[in-house]
Amino acid sequence: MEHGMATREEKFLRKLFSEFYSKCRLTVRQPEKREFGFGGWEKKIEFRHIGVKGEQELRAKLVSDAPLYVSHSVAYFEFPDARPMVRKNWLSADLVFDLDAESHSCGKFTCEKCLEKVKAEARQLIDDFLLSDFGLSKGEISVNFSGSRGYHVHVVSDAVAKLDREARREIADYVTGTGLQFDRLFWNDGKKFFGPKPTQGGFGGKFARAFTSRLEEEEFALSVSRKLRDPQEKAKLKSAIQTGNWDNIGIVSREKKLQEKFDTMKLTLAGRIDANVTADTSKLIRMPNSLHGGSGFLAASVPDLEKFDPMRDAPAFGEEKLKIKATEAIPALRIKEFDFGPLASGDVRELAMHSAVYLLCK
């Protein structure tokens with residue numbers, strides 16, 4: 034719905050949010066060391082430098098202020114409410130990765146296809162980078178839905194707690210493949226052309242494994258070399274790649290062809306994160322299990338990413354009925370087990386509270 038809405042709608046939502054915060058489970062680690070930020074529709078962080086003595090005071094503020102957006106610092110401070118920033122006395126910080134669904138024709142009503150894609154990207158970040166490349170344990174990683182169209186992945190570990198901005202920027206650059214060049218992974222010694230093995234760590238191993246796997250796709254294999262139509266030639270190439278010998282690709286302009294494949298595949302192998310969020314040692318990020326003012330959904334903790342369905346698991350409100358009037362065209366939507374829409378501007382419908390709140394927030 035339009036955000037030029039009358040104040041009675043906003044008051045209604047803030048009352049709902051206040052009631053929610055009076056009863057909800059708060060899950061912030063060491064809230065007394067965090068800086069908090071509250072916001073509304075005009076600005077998601079209108080007020081910051083907010084400090085609390087503990088969970089009880091945090092709940093009281095949430096109930097009284099009923100913010101539409103709640104954020105807290107990734108950092109832990111000695112004096113979270115001090116200003117300027119240097120007076121807060123930075124102690125350490127979680128390492129956070131922010132993933133959002135890409136812009137798509139679905140617009141502000143993010144479609145399920147986009148939500149599935151960004152969930153797959155979150156899985157890739159965790160499995161291919163945090164666990165595999167960085168050697169973190171699952172217990173050091175937590176995930177929450179952003180409340181709208183993405184995921185936040187938090188790393189709480191002594192291994193990253195004291196990292197400065199430069200070190201965090203290096204991590205972000207590694208994940209996104211920034212600066213990764215073909216000639217860093219492949220080389221020619223004058224006799225043979227060598228490249229990464231599938232058993233290697235890092236991007237080299239990722240590329241070798243993905244390339245070998247995609248050779249099973251006929252279109253991909255033939256785009257590398259027509260000779261790969263022959264199963265024996267394909268098996269020979271796979272065997273050579275296992276040893277790092279990429280010389281056994283009997284094609285003209287071999288290096289140019291592999292460079293093209295590398296440039297294309299790097300985009301899918303790299304993580305699509307907001308690098309600035311990861312690098313920022315004092316970034317304010319959505320508070321896990323808080324309400325998102327753009328959807329009325331929870332920024333829900335996600336214990337099992339594979340099974341999580343944001344349109345089913347993130348709505349915060351129940352099935353009480355509320356009559357709403359659409360102020361713009363609304364596509365067909367599914368929230369929990371309920372399908373509704375499409376709606377034309379001016380249509381009046383009685384919807385379950387979770388669906389009505391979703392539209393009011395939009």
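Residue numbers (our numbering): 34 to 395. Each residue gets a CB set at the ideal place from its N, CA and C atoms; glycine is no exception.
State the Cα-Cα distance for the pair residue 378 and residue 196, rounded to the nearest angstrom.
51 Å
Could you have a look at residue 264 and say whether DSSP puts it in helix, strand or coil?
The answer is helix: DSSP assigns residue 264 an H, G or I state.
In terms of residues, what are the limits of the alpha helix (DSSP H) holding residue 243?
235 to 247
Using a 10 Å radius around the Cβ and a threshold of 16 neighbouring Cβ atoms, would you call residue 112 buried or exposed?
exposed
Delimiting residues of the beta strand (DSSP E) encompassing residue 131
Segment 128 to 133, the beta strand (DSSP E) holding residue 131.
Let me know the secondary structure DSSP gives residue 337 once reduced to three states.
It is coil, neither helix nor strand.
Going along the chain, which residues of its own chain have a beta-carbon closer than 8 Å to the beta-carbon of residue 306, five neighbours each way excluded?
130, 131, 132, 158, 205, 208 and 209
Would you say residue 393 and residue 329 are within 9 Å of each other, going by their C-beta atoms?
yes
Between the Cα of residue 83 and the Cα atoms of 74, 103 and 73, which residue gives the shortest distance?
103
Distance cutoff 9 Å, beta carbons only. Does residue 188 sit that close to anything in chain B?
Given the protein chain composition of this structure (a single chain), no chain B is represented.
Please state whether the Cβ-Cβ distance between residue 70 and residue 101 is less than 9 Å.
no
Within the stretch 80 to 120, note down every full beta strand (DSSP E) run reaching 3 residues or more, in order along the chain.
80 to 83, 102 to 106 and 108 to 110
Just curious, the beta strand (DSSP E) that residue 142 is in, first and last residue?
It is not in any beta strand (DSSP E) - residue 142 carries neither H nor E in the DSSP assignment.
Exposed or buried, what is residue 232 when buried is set at 16 or more other beta-carbons lying within 10 Å of its beta-carbon?
exposed
Taking residue 151 as the reference, give the member of 186, 120 and 117 with the closest Cα.
It is 186.
DSSP beta-bridge partners of residue 280
According to DSSP, residue 280 shares a beta bridge with no other residue.
Quick one: what's got a C-beta closer than 8 Å to residue 65's C-beta in the same chain, skipping five residues either side?
84, 85, 86, 87 and 113
Whole-angstrom Cβ separation of residue 324 and residue 80, contact assumed at under 8 Å?
Rounded, the Cβ-Cβ distance is 16 Å, inconsistent with contact.
Could you name the residues of the same chain whose beta carbon sits closer than 7 Å to that of residue 203, not counting the 5 residues immediately before and after it, in chain order?
Closer than 7 Å at the Cβ level, and outside the excluded window around residue 203, lies no residue.
For residue 383, name the three-state secondary structure that DSSP assigns.
strand
Whole angstroms is fine: what's the gap from residue 38's alpha carbon to residue 360's?
Its pLDDT being 48, under 50, residue 38 is placed unreliably in this model, and the value from its coordinates should be taken loosely. Cα to Cα, the separation comes out at about 9 Å.
Reference residue 396, options 276, 179, 339 and 221, closest by Cα
In this structure the chain extends from 34 to 395, so residue 396 is not present and cannot be described.
Residue from 97, 148 and 381 with nearest C-alpha to residue 135:
148
Cα-Cα separation between residue 246 and residue 221, rounded to whole angstroms
24 Å
Neighbourhood of residue 237 by C-beta, 7 Å cutoff - its chain only, sequence neighbours within 5 removed:
218 and 229
In its own chain, which residues sit with a C-beta less than 6 Å from the C-beta of residue 34, not counting the 5 before and 5 after it?
The predicted model places residue 34 with a pLDDT of 44, which falls under 50 and marks its position as unreliable; any figure quoted below should be read in that light. Cβ neighbours of residue 34 beyond the five flanking positions: 360, 392, 393 and 395.
Residues near residue 110 in its chain [Cβ-Cβ closer than 7 Å; skip 5 each side]
66, 68, 121, 122, 123 and 124
Let me confirm a value: residue 99 is counted as buried when at least 16 other C-beta atoms fall within 10 Å, else exposed. Which label applies?
buried
In its own chain, which residues sit with a C-beta less than 7 Å from the C-beta of residue 215, not counting the 5 before and 5 after it?
Closer than 7 Å at the Cβ level, and outside the excluded window around residue 215, lie 292 and 295.
Which one of 248, 337 and 372 has the shortest CA to CA distance from residue 397?
The structure shown does not extend to residue 397, since the chain spans only 34 to 395, so no value can be given for it.
Residue 192 versus residue 169 - alpha carbon distance:
9 Å
Need the endpoints of the beta strand (DSSP E) that residue 175 sits in, please.
Taken as a continuous stretch (DSSP letters only), the beta strand (DSSP E) holding residue 175 covers 174 to 178.
Given this structure, state the Cα-to-Cα distance separating residue 57 from residue 322, to the nearest angstrom.
9 Å
Own chain residues within Cβ distance below 6 Å of residue 44, not counting five before or after:
none
Based on Cα-Cα distance, which residue from 243, 333 and 273 lies nearest to residue 177?
333
Can you say whether residue 239 is buried or exposed, counting buried as having 16 or more other CB atoms within 10 angstroms of its CB?
buried
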